[in-house]
C-alpha cells in the first residue's frame with residue numbers, strides 16, 4: 001500500500017533532525033538526579049524563551065491527559081503529549097529543540113530542561 005502525501009509529510013516533519021545524529025559519547029548529565037519533581041507549568045518556566053506558545057500547548061496537552069493510563073499523573077502524561085505534539089513552525093517544536101539540545105557537547109545547555117525531563 002502506497003503512503004499518502006499527508007503520511008509522508010507527517011513522517012518528514014518528525015525526522016528532520018535524523019541527519020544530525022552524533023556518534024561521539026557525550027558527558028553524563030550532572031545535577032539531574034537532584035532535580036525536584038514539579039508540575040508541568042513550573043517545569044517549562046525556563047523554556048519559555050526557547051518554545052513558542054508553550055502555555056497554550058500545555059493547556060492543550062493537559063486537556064488531552066485528563067485520564068492518563070499506566071498510573072501516570074496528569075502532568076507526566078501531558079509532558080509526553082507535549083513532546084509528541086506537532087508544532088507550527090515545526091523547527092520550534094519541543095521535540096526538535098530538546099533533541100538538538102541533548103546532542104550538544106555543552107551539557108550545561110540542558111540545565112533548563114531538567115525539570116521537564118524529570119516528568
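Numbering (this note's numbering), first residue to last: 1 to 119. We put the beta carbon where it would ideally sit given N, CA and C, even for glycine. No experiment lies behind these values; they were computed from the predicted model shown.
Test item: CB-CB of residue i and residue j under 8 Å
i	j	result
residue 97	residue 51	yes
residue 116	residue 54	no
residue 110	residue 29	yes
residue 69	residue 85	no
Burial state of residue i, where buried means 16 or more other Cβ atoms lie within 10 Å
i	result
residue 65	buried
residue 79	buried
residue 108	exposed
Sequence-distant residues of its chain with Cβ nearer than 8 Å to residue i (five each side left out)
i	result
residue 88	none
residue 39	75
Own chain residues within Cβ distance below 6 Å of residue i, not counting five before or after
i	result
residue 106	none
residue 37	118
residue 32	114
residue 83	94 and 95
beta-carbon residue i near the ligand ADP non-hydrogen atom, thresh 7 Å
i	result
residue 87	No copy of the ligand ADP occurs in the structure displayed, which carries no ligand at all.
Reduced DSSP category for residue i - H, G, I as helix; E, B as strand; rest coil
i	result
residue 71	coil
residue 31	coil
Interface flag, residue i vs chain C, CB-CB below 8 Å
i	result
residue 50	Absent here is chain C; the protein component of the structure consists of one chain.
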